[in-house]
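Peer 1: Residue numbers (our numbering), protein chains in the order written: chain A, 93 to 519; chain B, 93 to 519.
Ideal placement from N, C-alpha and C gives every residue a C-beta, glycine not left out.
Number of protein chains: 2
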Amino acid sequence: MIKDITIGFLGCGNVGSGVWRLLEGFGEDIAHRAGLRFHIKKVLVRSLDKQRGITFPEGVLTIKPDDVLNDPEIQMVVEFLGGEQPAYDWMLRALNNGKTVVTANKVAFALHWHELQKAAKKQEVGLYYEAAVCGAIPIIHSLEESLQANRIDKIYGIVNGTTNYILTRMSKNAEDYSLVLKDAQRLGLAEPDPAADVEGLDAAYKLSILASLAFHGRVPFEDVYVEGITHISKEDIRCGQELGYTLKLLAIAKRNGLEVETRVHPTFIRSDHPLANVSGSFNAVYLHGHACKEMMFLGRGAGDMPTASAIVSDLERAASACQHQYPTFQNELNPRVALRHNTDWQCPFYIRMLAKDAPGVLSRVAKCFADENVSIAAVQQNGQRNNGRVALVVITHQASEKAMQRAIAALDQDIAKLESIIRVEEE
Amino acid sequence: MIKDITIGFLGCGNVGSGVWRLLEGFGEDIAHRAGLRFHIKKVLVRSLDKQRGITFPEGVLTIKPDDVLNDPEIQMVVEFLGGEQPAYDWMLRALNNGKTVVTANKVAFALHWHELQKAAKKQEVGLYYEAAVCGAIPIIHSLEESLQANRIDKIYGIVNGTTNYILTRMSKNAEDYSLVLKDAQRLGLAEPDPAADVEGLDAAYKLSILASLAFHGRVPFEDVYVEGITHISKEDIRCGQELGYTLKLLAIAKRNGLEVETRVHPTFIRSDHPLANVSGSFNAVYLHGHACKEMMFLGRGAGDMPTASAIVSDLERAASACQHQYPTFQNELNPRVALRHNTDWQCPFYIRMLAKDAPGVLSRVAKCFADENVSIAAVQQNGQRNNGRVALVVITHQASEKAMQRAIAALDQDIAKLESIIRVEEE
Chain A
93 MIKDITIGFL GCGNVGSGVW RLLEGFGEDI AHRAGLRFHI KKVLVRSLDK QRGITFPEGV
153 LTIKPDDVLN DPEIQMVVEF LGGEQPAYDW MLRALNNGKT VVTANKVAFA LHWHELQKAA
213 KKQEVGLYYE AAVCGAIPII HSLEESLQAN RIDKIYGIVN GTTNYILTRM SKNAEDYSLV
273 LKDAQRLGLA EPDPAADVEG LDAAYKLSIL ASLAFHGRVP FEDVYVEGIT HISKEDIRCG
333 QELGYTLKLL AIAKRNGLEV ETRVHPTFIR SDHPLANVSG SFNAVYLHGH ACKEMMFLGR
393 GAGDMPTASA IVSDLERAAS ACQHQYPTFQ NELNPRVALR HNTDWQCPFY IRMLAKDAPG
453 VLSRVAKCFA DENVSIAAVQ QNGQRNNGRV ALVVITHQAS EKAMQRAIAA LDQDIAKLES
513 IIRVEEE
Chain B
93 MIKDITIGFL GCGNVGSGVW RLLEGFGEDI AHRAGLRFHI KKVLVRSLDK QRGITFPEGV
153 LTIKPDDVLN DPEIQMVVEF LGGEQPAYDW MLRALNNGKT VVTANKVAFA LHWHELQKAA
213 KKQEVGLYYE AAVCGAIPII HSLEESLQAN RIDKIYGIVN GTTNYILTRM SKNAEDYSLV
273 LKDAQRLGLA EPDPAADVEG LDAAYKLSIL ASLAFHGRVP FEDVYVEGIT HISKEDIRCG
333 QELGYTLKLL AIAKRNGLEV ETRVHPTFIR SDHPLANVSG SFNAVYLHGH ACKEMMFLGR
393 GAGDMPTASA IVSDLERAAS ACQHQYPTFQ NELNPRVALR HNTDWQCPFY IRMLAKDAPG
453 VLSRVAKCFA DENVSIAAVQ QNGQRNNGRV ALVVITHQAS EKAMQRAIAA LDQDIAKLES
513 IIRVEEE
């Protein structure tokens, strides 16, 4: 006995086309195995004329949102629009019209999770979002249904393929940022306007979702500290490599009791850490739970078919669920759980300066750190002079973010000019 | 509103104690978050006197299986006995008595999955087994509910922590097998009788489960080719390293149409492959699906708390399921799917010989390979003579297993004595 499910698409770009093709090519397997057959009744597009490499049956394409949102036959809506609006409004309308929503939209979801979930719960329909974070990697579902017996205290994610591709090339071939970015754009691995990726925003949306789910409490996007990779020089990457570190744009979330820190920034990690070997456009999420201990998920974080893999898996789960689950990111059973946001985290720091090559300089630099109780773990001075200046690299022990910022502010730039400061995670 | 669930344990060793402690320490969190509270009513043990580091309430421990199996109050039975019997009989009885079963037992499960699932279906109760494969890693649940939209064609698993620990030490420190094994036994990482691990059987049970699930068809344990690591020399590991390979005990399953090959054996993989960096007692499963592409799961494959993490997650899922799912490893909707077992797989081979250092030897060796259509990719001859013999290492291109065995059989051992033959996977 096969159950028929009628679905509608909001948007049909890269990923939407991937879902169409996956259901076309693999739909019979799903029907035979799971007893589910998906019919795509309507696909909302901006233009009926655009070439998509797909032959849609007569009448499927539409430019009217209501054809998807108000059709009572459509049971599930898959949203591929991206961005906050109109995606959020339309998802909300779909839910309020009693339709299950499956989305790949990290922005609208990170910003409006609570409202969307409320609507879904009220209507007793499903809300699925595996594809919004890390493409094919089943990290959402694993956090929801496989790691629930854990107090998760740490998440390190490489959740943006574009920046990981750029940093991998810069690391392996000692290439310049701007050159690799241009190449990535040419290859379709970076957008014409790369800001959302290279400035870390994309990663921050995903981290907000991951941390909320892992910590069972709301971790708003606005609370995530964000720093991108646009200022990264190959010089820093090389210095780090010599010290045994690999540079990654990490999305970091830590929980200690009710205190939570969330930050996205370039990070030096030990080169033998499993994340250090995650190269190119791959994504990975590394986490630690009090029972499961260390765990890592690695896979394709983007691309039409990998993302479609997550979407269709959500469709199948939604269709076989006889009761949808709503993760308790706002804990109704235990309202005392109110996470506190910590902005003064502790970590070691890597600082590269151009220092005057004169007696007493190191001591004056060291004093700035000592005055703020920042303890130095290693100092490396590069012999090569450049206009009477030498490169001075300092690695600190664990230090408070704010103390470190004060120490840096106190540096006499005439004596030691700050070139870069990069946070380190020792694991 | 909190739902109370009464459970019973069959056995209470390392993992059972872990589950007890996890529920004791984290049970309130689960109650608050998921609205579920688990009560452990009975724990079957062999001896009431054994010290377990846990203070059980009066009357919980029992030596009578019926106290668990026949108690109508017990809704779920968790099985920790290990081994085929009596675990299988008792799980079957629990299911037939209308109890959901959660098990960590790869042996009983791999051998009797079909019968257990039949009983579970008939009684409409759950049968959960995440902990049977790779401890905390949610590979079972991911195959069941996150990767269903994929035609999975390849699985490479490092699914046995003991052998991975031994091979990692042999690789990193050039230590001898027997010495590392003794150390592993001393550290509790290998059993006093290590046969099931080092001879590859443990991995083969797990592979049978993984492959059945991934390929949606029965892949019996008996069909898995098994070769352990007892014959591995540090000499081979070193030769492989020089050629850019790392040695791992891989559990390999491949599917091509309806043809399936499953094998567990020491394998050379490229040292930059993600699996090559999985070190110590970690487990990992690397797979490829037609939509998700490459994916890897890494984590703790054993240990009390990691395994307990998987068990308690299964308990939660079982308790919140309003309808249990039964993976279609025997495809009822499409009975035409009958997987065929292929024993003549293709792969490159590494062969190390001690060859006579005399004119014409290489040509005679090469002829044995050529006669069987085995094409040579690389030859390395070690200059050092030993009793008039030199080490000769040959790497072949893709070759058929059977052709390779015939080529080896045709070698004149007086001319080139076979020292070792190790399969290679190029990815």
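Roughly how many angstroms lie between the CA atoms of residue 405 of chain B and residue 399 of chain B, to the nearest whole one?
Peer 2: Translated into positions along the second sequence, residue 405 of chain B becomes position 313. Translated into positions along the second sequence, residue 399 of chain B becomes position 307. About 10 Å.
Peer 1: Using only the alpha-carbon positions, how far apart do residue 463 of chain A and residue 328 of chain A sit?
Peer 2: By 1-based counting over the first sequence, the position of residue 463 of chain A is 371. By 1-based counting over the first sequence, the position of residue 328 of chain A is 236. Residue 463 of chain A and residue 328 of chain A: Cα-Cα distance of roughly 26 Å.
Peer 1: List the residues of chain B whose Cβ lies closer than 7 Å to the Cβ of residue 420 of chain A, in chain order.
Peer 2: Along the first sequence, one-based indexing puts residue 420 of chain A at 328. Ordered by position in chain B, the residues that pass the 7 Å Cβ test against residue 420 of chain A are 125.
Peer 1: Got a sec, what are the start and stop residues for the beta strand (DSSP E) residue 134 of chain B sits in?
Peer 2: Residue mapping note: residue 134 of chain B aligns to position 42 of the second sequence, counting from 1. It spans 128 to 136 - the beta strand (DSSP E) in which residue 134 of chain B sits, taken as one unbroken run.
Peer 1: Of all the CB atoms in chain B, is at least one closer than 8 Å to the CB of residue 291 of chain A?
Peer 2: Along the first sequence, one-based indexing puts residue 291 of chain A at 199. No, because no Cβ of chain B sits closer than 8 Å to the Cβ of residue 291 of chain A.
Peer 1: So what does residue 96 of chain B bridge to, in DSSP terms?
Peer 2: Your numbering for residue 96 of chain B matches position 4 in the second sequence. The partner list for residue 96 of chain B (beta bridge, DSSP) reads B:129.
Peer 1: Apart from the five residues on each side of it in sequence, which residues of its chain come closer than 8 Å, Cβ to Cβ, to residue 430 of chain A?
Peer 2: As a working note, residue 430 of chain A is residue 338 in the first sequence. Excluding positions up to five away in sequence, the list reads 309 and 350.
Peer 1: When the cut-off is 8 Å and only beta carbons count, does residue 206 of chain B lie next to chain A?
Peer 2: Indexing the second sequence from 1 puts residue 206 of chain B at position 114. So no, residue 206 of chain B is outside the interface.
Peer 1: Any beta carbon from chain A within less than 8 Å of residue 172 of chain B's own beta carbon?
Peer 2: Looking up residue 172 of chain B in the second sequence gives position 80. Not one chain A Cβ lies under 8 Å of residue 172 of chain B.
Peer 1: Could you tell me which chain D residues have their CB closer than 7 Å to the CB of residue 361 of chain B, listed as they occur along the chain?
Peer 2: Within the model displayed, chain D is absent; protein chains A and B are what it includes.
Peer 1: Could you tell me whether the Cβ of residue 239 of chain B comes closer than 8 Å to any Cβ of chain A?
Peer 2: Taking the first residue of the second sequence as position 1, residue 239 of chain B is located at position 147. Yes, residue 239 of chain B counts as interfacial toward chain A.
Peer 1: Would you please state the rounded distance, in angstroms, between the beta carbons of residue 345 of chain A and residue 232 of chain A? I believe it to be under 8 Å.
Peer 2: Mapped onto the first sequence, residue 345 of chain A falls at position 253. Mapped onto the first sequence, residue 232 of chain A falls at position 140. Between residue 232 of chain A and residue 345 of chain A the Cβ distance is about 14 Å, and since that is not below 8 Å, they are no contact.
Peer 1: Exposed or buried, what is residue 364 of chain A when buried is set at 16 or more other beta-carbons lying within 10 Å of its beta-carbon?
Peer 2: The count along the first sequence starts at 1 and reaches residue 364 of chain A at position 272. Label assigned to residue 364 of chain A: exposed.
Peer 1: Taking Cβ positions only, does residue 380 of chain B come closer than 8 Å to chain A?
Peer 2: On the second sequence, residue 380 of chain B is found 288 positions in, with the first residue counted as 1. So no, residue 380 of chain B is outside the interface.
Peer 1: Compare the C-alpha of residue 511 of chain B against each of B:261, B:447 and B:193 and name the closest.
Peer 2: Here residue 511 of chain B refers to the residue found at position 419 when the second sequence is read from its first residue. Ranking B:261, B:447 and B:193 by Cα distance to residue 511 of chain B puts B:447 first.
Peer 1: Looking at the C-beta of residue 168 of chain A, does it have a partner C-beta in chain B at a distance below 8 Å?
Peer 2: Taking the first residue of the first sequence as 1, we reach residue 168 of chain A at position 76. Answer no: the Cβ-Cβ gap between residue 168 of chain A and chain B never drops below 8 Å.
Peer 1: My output table needs one value for residue 358 of chain A: the three-state DSSP class, helix, strand or coil.
Peer 2: Taking the first residue of the first sequence as 1, we reach residue 358 of chain A at position 266. Residue 358 of chain A: strand per DSSP, three-state reduction.
Peer 1: Would you call residue 278 of chain A buried or exposed, if buried means 16 or more other Cβ atoms sit within 10 Å of its Cβ?
Peer 2: By one-based count along the first sequence, residue 278 of chain A stands at place 186. It counts as exposed.
Peer 1: If you pair each beta-carbon of the stretch 438 to 454 of chain B with each one of the stretch 495 to 509 of chain B, do three or more pairs fall below 8 Å?
Peer 2: The stretch 438 to 454 of chain B vs the stretch 495 to 509 of chain B: in contact.
Peer 1: Considering only the alpha carbon of each residue, which of B:262, B:99 and B:147 lies closest to residue 521 of chain B?
Peer 2: Within the shown structure, residues of chain B are numbered from 93 to 519, placing residue 521 of chain B beyond reach of any answer.
Peer 1: May I ask you to report which of helix, strand or coil DSSP gives residue 503 of chain B?
Peer 2: Counted from its first residue, the second sequence places residue 503 of chain B at position 411. DSSP places residue 503 of chain B in coil when its eight states are reduced to three.
Peer 1: Taking the alpha-carbon of residue 529 of chain B as reference, which of B:497, B:467 and B:471 has the nearest alpha-carbon?
Peer 2: Residue 529 of chain B lies beyond the range of chain B shown here (93 to 519); nothing can be said about it.
Peer 1: Whole-angstrom Cβ separation of residue 255 of chain A and residue 290 of chain A, contact assumed at under 8 Å?
Peer 2: Numbered from its first residue, the first sequence carries residue 255 of chain A at position 163. Numbered from its first residue, the first sequence carries residue 290 of chain A at position 198. Yes, residue 255 of chain A and residue 290 of chain A are in contact; Cβ-Cβ is about 6 Å, under 8 Å.
Peer 1: Can you tell me whether residue 148 of chain B is helix, strand or coil according to DSSP?
Peer 2: Taking the first residue of the second sequence as 1, we reach residue 148 of chain B at position 56. Coil at residue 148 of chain B, not helix or strand.
Peer 1: Taking the alpha-carbon positions, what's the residue 318 of chain B to residue 298 of chain B distance?
Peer 2: Against the second sequence, residue 318 of chain B aligns to sequence position 226. Against the second sequence, residue 298 of chain B aligns to sequence position 206. Using only the alpha carbons, I get a separation of about 12 Å.
Peer 1: Taking Cβ-Cβ distances below 9 Å as the criterion, which residues of the stretch 199 to 230 of chain B are in contact with chain A?
Peer 2: Residues passing the 9 Å Cβ filter: 222, 227, 228, 229 and 230.
Peer 1: In terms of residue numbering, what span does the beta strand (DSSP E) encompassing residue 201 of chain A cover?
Peer 2: As a first step, residue 201 of chain A is located in the first sequence; it is residue number 109 there, counting from the start. From DSSP, residue 201 of chain A is part of no beta strand (DSSP E) but of the alpha helix (DSSP H) over 198 to 215.
Peer 1: Quick one: what's got a C-beta closer than 7 Å to residue 284 of chain B's C-beta in the same chain, skipping five residues either side?
Peer 2: Locating residue 284 of chain B in the second sequence gives position 192, where the first residue counts as 1. Taken in chain order, the residues that qualify are 277.
Peer 1: Residues in its own chain within less than 6 Å of residue 434 of chain B by CB, not counting five upstream and five downstream?
Peer 2: The residue given as residue 434 of chain B occupies position 342 in the second sequence. 351 and 353.
Peer 1: Quick test of your reading: residue 513 of chain A and residue 500 of chain A, contact by CB under 8 Å. State the CB separation rounded to the nearest angstrom.
Peer 2: In the first sequence, counting from the first residue as 1, residue 513 of chain A sits at position 421. In the first sequence, counting from the first residue as 1, residue 500 of chain A sits at position 408. At roughly 6 Å, the Cβ-Cβ gap stays under 8 Å, so residue 513 of chain A and residue 500 of chain A are in contact.
Peer 1: Looking at the secondary structure, which residues open and close the beta strand (DSSP E) in which residue 249 of chain B lies?
Peer 2: As a first step, residue 249 of chain B is located in the second sequence; it is residue number 157 there, counting from the start. Residue 249 of chain B -> beta strand (DSSP E) spans 244 to 250.
Peer 1: Just how far apart, CA to CA, sit residue 410 of chain B and residue 192 of chain B?
Peer 2: Working through the second sequence from its first residue, we reach residue 410 of chain B at position 318. Working through the second sequence from its first residue, we reach residue 192 of chain B at position 100. Residue 410 of chain B and residue 192 of chain B: Cα-Cα distance of roughly 8 Å.
Peer 1: Answer yes or no: does any C-beta atom of chain A fall closer than 8 Å to that of residue 103 of chain B?
Peer 2: Within the second sequence, numbered from 1, the residue matching residue 103 of chain B stands at position 11. Not closer than 8 Å to any Cβ of chain A, the Cβ of residue 103 of chain B fails to qualify, so no.
Peer 1: Using a beta-carbon distance below 8 Å, is residue 383 of chain A in contact with chain B?
Peer 2: To locate residue 383 of chain A, count along the first sequence from 1; it is residue 291. So yes, residue 383 of chain A belongs to the interface.
Peer 1: Per DSSP, what kind of secondary structure is residue 160 of chain B in: helix, strand or coil?
Peer 2: If you number the second sequence from 1, residue 160 of chain B lands on position 68. Reduced to three states, the DSSP call for residue 160 of chain B is helix.
Peer 1: Output yes if chain B places a C-beta closer than 8 Å to the C-beta of residue 242 of chain A; else output no.
Peer 2: Mapped onto the first sequence, residue 242 of chain A falls at position 150. So, interface residue.
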